[in-house]
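Oh and the sequence shown: position 112 is 114 in the numbering used here, straight run, nothing missing.
The beta-carbon is built from N, C-alpha and C at its ideal position, and this holds for glycine as well.
Just so we're clear, the structure is a prediction, and the values are computed from it rather than from any experiment.
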Amino acid sequence: MKELAKLLIQMRKQKSTVISLFDALKPKQELPRVKVSSDCIPEFSPQNTNLNVHQWLMKIDQLKSLNQWDEITTIYHMQSRLVGMAKSWYHSLQNYNLTWDEWNVLVRRSFPDHTDYATLLQTMLNRRKGSLETMTTYYFEKMELLRACDIQGERAVSCLIQGIADVVIQNGARAERYETPKALYEKYLSVVYATETGPTSEQQRPDL
Numbered sequence: 003m004k005e006l007a008k009l010l011i012q013m014r015k016q017k018s019t020v021i022s023l024f025d026a027l028k029p030k031q032e033l034p035r036v037k038v039s040s041d042c043i044p045e046f047s048p049q050n051t052n053l054n055v056h057q058w059l060m061k062i063d064q065l066k067s068l069n070q071w072d073e074i075t076t077i078y079h080m081q082s083r084l085v086g087m088a089k090s091w092y093h094s095l096q097n098y099n100l101t102w103d104e105w106n107v108l109v110r111r112s113f114p115d116h117t118d119y120a121t122l123l124q125t126m127l128n129r130r131k132g133s134l135e136t137m138t139t140y141y142f143e144k145m146e147l148l149r150a151c152d153i154q155g156e157r158a159v160s161c162l163i164q165g166i167a168d169v170v171i172q173n174g175a176r177a178e179r180y181e182t183p184k185a186l187y188e189k190y191l192s193v194v195y196a197t198e199t200g201p202t203s204e205q206q207r208p209d210l
C-alpha cells in the first residue's frame, strides 16, 4: 500500500509538471492597444509664435507616457507633425538613425526659442473676441497665447474676460470669481454664447 501511495503521489507531481509546461508554452494574450493618431500632437512650425519648441516637445513626452508609446512610435509621430520650415529642415538631414532623446536635443538646438516675452504678452492682450466670432474659437485661440506667455489660473481668467467687449458679460464673469479658465468656459462663457451656433458646438468641453 505504501508503494502504491508513493506511486500515486509521483504521478500527480508529474501531471502537475506537464500542465505547467503546457501553460508556459501557450501564447500570452496581450491586451489590445488603442491606436492613437498623430493628430493628437499639434503641428510644429518655428513661425508659430503660439507654440515654442519646448512646449511642443513637452506635449509629445506627455502623450508618450500617457499612451505608452515606444521610441519608434514616438519618433514617427514627432516627424509626422513637422510643417513649414521644420519639415524642410527634417528633409535636409543626413542622419535619421537617432534615439528619441537625441531627436529631442537636436530639435531644441535647431529651433531655439528667441521670442521676446513682451511681444508675446502684447499679442495676447491684443487678442479680443470678434463680433462674429464664436466663443469657442476665441477661447481656444486665446488659451494658446496664454500658454505661450505661461499665464495660468486666475490671471488667465482675467485675461480671457478682458478680451470680451460686452461689458455685461465681463461683469457677470468677474462676479463669479472663477479660479481656472476651464471653469470660466464650462460654467459661464459656453452657456452665455450657446445660442450663437447651437448647444453642441458651443458646449464642447475643453480638456485643459
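Quick check on residue i: buried or exposed, where buried means 16 or more other Cβ atoms within 10 Å of its Cβ?
i      : result
Leu148 : buried
Asn54  : buried
Leu127 : exposed
Lys189 : exposed
Leu95  : exposed
Ile163 : buried
Leu68  : exposed
Nearest chain D C-beta to residue i closer than 9 Å, yes or no?
i      : result
Glu104 : Included in the structure is just one protein chain, with no chain D present.
My assumption, with CB atoms under 8 Å, is that residue i sits in contact with residue j. Please give the rounded CB distance.
i      : j      : result
Glu45  : Val85  : 5 Å
Tyr140 : Gly165 : 7 Å
So, with DSSP's three-state summary, where would you put residue i?
i      : result
Phe46  : strand
Leu84  : strand
Gly155 : helix
Thr125 : helix
Arg111 : helix
Ser133 : coil
Trp58  : helix
Ile74  : helix
Tyr98  : coil
Ala177 : helix
Asp103 : helix
Asn69  : helix
Are residue i and residue j closer than 9 Å when you measure CB to CB?
i      : j      : result
Leu65  : Cys42  : yes
Ala158 : Asn52  : no
Met87  : Gln49  : yes
Ser192 : Thr138 : yes
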